[in-house]
Every structure is written in structure tokens, then in C-alpha cells.
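I have placed the structure first, in the form of C-alpha cells, so that the comments after it can refer back to it.
2 protein chains.
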Amino acid sequence: MHNDDLSRFFSENMAVDGELSFQQWEGKVLDFAQRVSRGNCKGLALVSSGGTSVPLEMNAVRFVTNFSTGSRGAGLVEDLVVREWACILLHSESAQLPFRRVMDNMDTERFFTELMAPEKSSAVASIVGTYSKYKTRLLLVPYRTVVDYLYLLRLITVAVCHRAECLRTMPMVLLAAAAVSDYFIPRTLLSEHKISSNDGMTVHFSCVPKVLNVLSDIWHTADCDVSRLFVTFKLETHDEMLETKALKNLTLYNCDLVVANKLQEYKERVVMYWRDTPGSPTVLQRPPNGSIESLIVDCILRRIECDATGGGRS
Amino acid sequence: MHNDDLSRFFSENMAVDGELSFQQWEGKVLDFAQRVSRGNCKGLALVSSGGTSVPLEMNAVRFVTNFSTGSRGAGLVEDLVVREWACILLHSESAQLPFRRVMDNMDTERFFTELMAPEKSSAVASIVGTYSKYKTRLLLVPYRTVVDYLYLLRLITVAVCHRAECLRTMPMVLLAAAAVSDYFIPRTLLSEHKISSNDGMTVHFSCVPKVLNVLSDIWHTADCDVSRLFVTFKLETHDEMLETKALKNLTLYNCDLVVANKLQEYKERVVMYWRDTPGSPTVLQRPPNGSIESLIVDCILRRIECDATGGGRS
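Protein chains in written order, with UniProt numbering: chain A, 1 to 314; chain B, 1 to 314.
Structure follows, in C-alpha cells:
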């Protein structure tokens, strides 16, 4: 896929008012970039999270969704901001959000107990403290459908890589952790109203265009003096297929790193395939009382540090 | 649809471990019935809320969902408990929950401000007070798929109508406010793993069985001495079709009341079609600073009061 084909995909599949309302984000992202470049941030991360939904009608009552809580993206953001990085999180409306997810995941009884307690539990006190300290380094951008997701991801990528002069000297990483639907229904084929039939319903989905190579091109052609890492995630259910597909994605999408997750253990263990050393992946295992996202972040930041001191890749 | 057909539908479409884990709810519902019948509750409401999801694979990664926030059901429950009714809420996992939805709907900044404030805002203080006072009168039962929803709704209906002797003298109302998917994929036709294809994807959905008449039979054949109302909801986008379909549902599902909602104004105005006076529906309009759910509840409770004093239906 080329950038022009992607532009045609958007003009064919996005409502005009959707496009206009999304364009406000360019200004907000550039303002955010100005602010964090003036602060003491060590770098800027663009993280995507959640699952994308696919409407079945123009005035949509029904959607195809995919199973994703957004916890990976939320965890990565939490670990990045405490390491003094600024983060833009492109998240689905239903995704778990950084920091507040601790309260959101509580059952109602504990939720109200925490809410009314004069002294918060240590877990809640800790996340509230971290949120307050770092909230100005966090920009949340919500999306709903798969088309909106792709549009916003390209818009923000272009803004931070090519529009924001102030970011030229700041290391950046794009962590594409959202679970993107493989299928969608083109707008021209969408039923206008709620589909109704007494004899079942047959739906044909088209393939969502593969856009990561377009984003990689935008990301890697930025005129900058510092490290710019492009990281994608691959989720499968079989070890062997996971390795094959992760290695394939390294070249297919021209990314610097593929984080391979097996569905059954994605919170416990990941394998990191680097573009320059695909044959010797880094295996990360969650430590007791720690998170795997924290290890992923440390591993990536070490690489960026290494690049900066000239000890990194050839 | 007959009750036996419905049992066959469950045995064909539900995983065995799903059925076993759901059966625990019978005991919990009966315990709850015992507790509230000993208290001073004026009646028991069974409310359903949220949208149902339809898995596209056996090990489901993708689902068809419908657009429903669950706010109608949450509002009905809030208004019922303050009027001294006990409530069982059968809600989708993603539905808004009574009381805590006020906090859940806040943006993150306001959420954390409320969380840490020594003095809560009046809106939050009010819902926390109401929750604390009435929480023992509230039983929340979560569901995920459309099949799970139908199974649990029948299980709870049978439990409160036919198993719980203690409820024989307590007025009851069933408010079926959940948005139920019209289509699903039979288990025998489900792909075991994530569907994969390079040329799009075609999915055929079967019709979900219409079960409200089965539930109405269970509801209305209960051996009891008091009012038992069976209320369904109808949502459409055109006025005329809405009236036609609401009137049709009155007889098709043998319900006492159909609450007709037009999508464009469902939080502002509803039309209540009663079985015994279908030609003269009650129109409810949201008052300033009030909720439409509060009016729906008042209207239903007046009818129950009227039945109890013999001034009601013929």
C-alpha cells in the first residue's frame, strides 16, 4: 500500500464530518509537542491501544469488534511516563485507560469504598500520585472505528514526524499495540439503516488495507538527529506460527522491532525480534510483582540510549 | 417458540462449562429473594440492560455487538431502589452500572479530582449515599454473549417466579430493557480458531429465537396473589413503524406493557402501550432536571398500586 492509496481509502470510507472533526487533533498534537519539548521529557512515544470496531450499517446499530482490553497500551504508557517520556495514546473508546484502570477494574463495592476513604489504599494512592505528577505529559486521543483509527494514526504520525520542528532532537518511538480488525465493509456497500431480515443475514467483509509500511515510511523519513524506533506487535496462538509471522512482519512493515505475544501468555512472556539481529531475539519474562510492559519499555529505552552513545546498531 | 425448543437451543449453543458456571446464579438469586422478602422491600424488579455480543469464532477473537450503553437499565434500577424496590440487574459486561456510572462517565481529570476530594461534589455524594443505603437490595448478574443472556434471563425468571416461595406475596415486574441481537452463528457452524482469509470474509448469521413469549408464559403462570407485570421495550427510528411494532409486540409476546422508544429521542420521550388499553397509550416526556426512567418507574408503580387496591384492570 502507498500513501496515495491510503488517502483514497479514507476519502471513500470516512464521513466528511468525521474527517473535519479529526483534523482538530493535528493542532492539539502540535501544541502538545511544543509543551513537552520545552519540558524535561527524554522522548516522545506514540502508543496505540484497544480493539477497532467495524460498523455494519451507515447509521450503525451493529458493529464487529475484536477482543482487546487495551491493557497493553495502558501499561506501556504508565511505564513510559514514569521514565520521563511524553506519551500520545491513541485508544479505542472502550480501551482501559492508563492510571484510572486500577479503579475502573474494581468491583462496585470496593470502588465506592476507595472513593469515600479519607486515606486511599497504597495502590490507589500510588497511581493518583503518578497521574498528578505526569498528567501534562500525556495526551489521550480516542477513536471508534477501524477507519477512524487508521486516519488518526497517520495524522498523528505525520504531525510528530514532519510538522513538529521542536521534536527533531527528541528521541521517538511508535508502539502500534492496537488490535486492528482485518476486515471491514466499504462505505459504498453499507446498508443505510438497521439491516432487517427474517431468514438470517449474510455479510461480506473486505480486507482492511495493510498500512504499517506507509507509517514506517513516514516515520523513518523524518529529518531528525536522534533515534526513531518503529515497533509493532504480533499476536498468535501457536509458537511456531508466531515466530514465522513476527519475522515476516519485520521486513513486510519495515519495523525496527516486532514484539511477539502468544495469546495464552501475553501478560507473562514476550519475544522481541530486532530488525538488525532477527536471529537472536530477546525473551522477556514477567518478574514477580512486576509487569511485562515495564520490561518491554526498559528494553526499548536501553536500545535508544545505546543508539545515542554510538554503541548501537551498525 | 416453546420452552422445550429453547432448552434445545441452549444445549446446542452453550459450552458445557458455561452452563455449569451460570447455574450458581440460581442459588444466589434465591438467597437474594430470601433476604429482600424479609426486609421492607415493596417489590422485586428483574431488569435487563446492555447489548448482547455474538462471537464469530469458538475461541472468540471477534464479536458482533450492538450499540447499547445500558443507561436505560441502570436508570430504571436507580429509580426503583430509591422507591424501596429490590432489583436484580442482568447486565452486559460493558453496560453502564447503576450509581457508579456517574463516576465512570467522567473524564480522567475530573475522575481523579473527585476521587481525591475530601468533600465530594453534590452529584457524587448523592449517589454514594443512595448506593450505601440500598446496596443490599441490588443483585448484579453479568453476561457476555446473546446465548448467555437468554440462558440467564430464563434461569432467573424461573427462580423468582417458581422457586422462591418467599416472593409469592411480593409484587414483581420484569423490565426487559436489553438490546438483544437478532442474529447469531450456531455453535456447530463456528470456526474453531480465528478466521483467516486474504480475500475478505463472508459470514452467515442465523436468527436468534424469539424468547419473550416463553418468558411471559413463565412469568404469568406463577402461583401468586399479587401483581406481576411483564414489560418489554421497542426501539425504532420511525414514529409510525414504532407504534405498529409496539402494538404487535403486546400480543406477540403477551406482555402487559410495551415501552416504545424512538432512537432519536429515547432519553426525552417514550410512549407506554398497556395491554388492556392499547388504544390510549401514556406519553411520558422528560421533565427539566429529571430523568425519563423516573417517570417510567412511577407510571409502572402506580399501576401496581392500582391493581393492589382493586382499581386497576378488568
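We put the beta carbon where it would ideally sit given N, CA and C, even for glycine.
CA-CA distance, residue i and residue j?
{"i": "A/Leu-167", "j": "A/Ala-33", "result": "7 Å"}
{"i": "B/Thr-169", "j": "B/His-220", "result": "14 Å"}
{"i": "B/Arg-269", "j": "B/Val-64", "result": "29 Å"}
{"i": "B/Leu-271", "j": "B/Val-259", "result": "Per the sequence shown, residue 271 of chain B should be read as Val rather than Leu. If you take the alpha carbons of B/Val-271 and B/Val-259, they lie about 6 Å apart."}
{"i": "B/Val-211", "j": "B/Val-231", "result": "14 Å"}
{"i": "B/Phe-10", "j": "B/Leu-189", "result": "15 Å"}
{"i": "B/His-204", "j": "B/Glu-57", "result": "13 Å"}
{"i": "A/Asn-105", "j": "B/Thr-309", "result": "46 Å"}
{"i": "B/Met-1", "j": "B/Thr-157", "result": "17 Å"}
{"i": "B/Ser-206", "j": "B/Ser-191", "result": "15 Å"}
{"i": "A/Ala-74", "j": "A/Gln-96", "result": "6 Å"}
{"i": "A/Asp-239", "j": "A/Ser-94", "result": "29 Å"}
{"i": "A/Val-208", "j": "A/Asn-59", "result": "20 Å"}
{"i": "A/Arg-313", "j": "A/Asp-31", "result": "Residue confidence is low: A/Arg-313 scores 49 on pLDDT, short of 50, so the model does not pin down where it sits. Its coordinate-derived value is still stated next. Distance between the alpha carbons of A/Arg-313 and A/Asp-31 is about 33 Å."}
{"i": "B/Asp-5", "j": "B/Val-214", "result": "10 Å"}
Buried or exposed: which applies to residue i, given that a residue is buried once 16 or more other Cβ atoms fall within 10 Å of its Cβ?
{"i": "A/Cys-306", "result": "exposed"}
{"i": "A/Pro-98", "result": "buried"}
{"i": "B/Met-201", "result": "buried"}
{"i": "B/Lys-234", "result": "buried"}
{"i": "A/Pro-118", "result": "exposed"}
{"i": "A/Ser-294", "result": "buried"}
{"i": "B/Ala-246", "result": "buried"}
{"i": "A/Ala-15", "result": "exposed"}
{"i": "A/Arg-62", "result": "buried"}
{"i": "A/Pro-171", "result": "buried"}
{"i": "B/Arg-72", "result": "buried"}
{"i": "A/Ser-132", "result": "exposed"}
{"i": "B/Asp-148", "result": "buried"}
{"i": "B/Ser-68", "result": "buried"}
{"i": "A/Glu-78", "result": "buried"}
At a CB-CB cut-off below 7 Å, which residues of chain B make contact with residue i?
{"i": "A/Asn-66", "result": "Val-61 and Arg-62"}
{"i": "A/Arg-110", "result": "The premise fails here: A/Arg-110 is roughly 11 Å from chain B at the closest Cβ pair, so nothing lies under 7 Å."}
{"i": "A/Leu-97", "result": "Thr-108"}
So what does residue i bridge to, in DSSP terms?
{"i": "B/Cys-224", "result": "Note: B/Cys-224 sits in no beta bridge, so no partner."}
{"i": "A/Asn-66", "result": "B/Arg-62"}
{"i": "A/Thr-309", "result": "Answer by DSSP bridge pairing: none, since A/Thr-309 is not bridged."}
{"i": "A/Lys-234", "result": "A/Ala-260"}
{"i": "B/Val-297", "result": "In DSSP, B/Val-297 forms no bridge with anything."}
Interface residues of chain B around residue i at Cβ under 8 Å?
{"i": "A/Val-158", "result": "Correct list: empty, because the minimum Cβ distance to chain B is about 26 Å."}
{"i": "A/Tyr-131", "result": "Thr-108 and Phe-112"}
{"i": "A/Tyr-183", "result": "Gly-200 and Met-201"}
{"i": "A/Met-272", "result": "Per Cβ cutoff of 8 Å: no residues; A/Met-272 is ~23 Å from chain B at best."}
Please state whether the Cβ-Cβ distance between residue i and residue j is less than 8 Å.
{"i": "B/Ser-280", "j": "B/Asn-254", "result": "no"}
{"i": "B/Leu-76", "j": "B/Val-54", "result": "no"}
{"i": "B/Leu-140", "j": "B/Leu-89", "result": "yes"}
{"i": "A/Ser-181", "j": "A/Asn-13", "result": "no"}
{"i": "A/Val-173", "j": "A/Ile-300", "result": "yes"}
{"i": "A/Ser-49", "j": "A/Gly-18", "result": "no"}
{"i": "A/Ser-92", "j": "A/Gly-51", "result": "yes"}
{"i": "A/Leu-242", "j": "A/Lys-267", "result": "no"}
{"i": "A/Leu-250", "j": "A/Ala-45", "result": "no"}
{"i": "B/Val-36", "j": "B/Arg-137", "result": "yes"}
{"i": "B/Gln-275", "j": "B/Leu-257", "result": "For the record, residue 275 of chain B in the displayed sequence is Arg; it is not Gln. Yes. Within cutoff."}
{"i": "B/Lys-135", "j": "B/Glu-84", "result": "no"}
{"i": "B/Phe-111", "j": "A/Arg-100", "result": "yes"}
For residue i, which residues in chain A fall below 8 Å Cβ to Cβ?
{"i": "B/Arg-100", "result": "Thr-108, Phe-111 and Phe-112"}
{"i": "B/Ser-94", "result": "Ser-94"}
{"i": "B/Met-58", "result": "Correct list: empty, because the minimum Cβ distance to chain A is about 12 Å."}
{"i": "B/Met-241", "result": "Simply none; closest approach about 10 Å."}
{"i": "B/Met-14", "result": "Per Cβ cutoff of 8 Å: no residues; B/Met-14 is ~19 Å from chain A at best."}
So which residues of chain A does residue i contact, with C-beta pairs closer than 9 Å?
{"i": "B/Val-128", "result": "Phe-112, Leu-115 and Met-116"}
{"i": "B/Met-1", "result": "What B/Met-1 touches in chain A: nothing, since even the nearest Cβ is about 14 Å away."}
Along chain B, in chain order, which residues have C-beta atoms closer than 9 Å to that of residue i?
{"i": "A/His-204", "result": "Gly-200, Met-201, Thr-202 and Val-203"}
{"i": "A/Met-172", "result": "Going along chain B, no residue has its Cβ under 9 Å from A/Met-172, so there is no contact; the nearest lies around 24 Å."}
Counting only Cβ pairs nearer than 7 Å, list the residues of chain E close to residue i.
{"i": "A/Tyr-143", "result": "Annotation note: the requested chain E is absent from the structure, which comprises protein chains A and B."}
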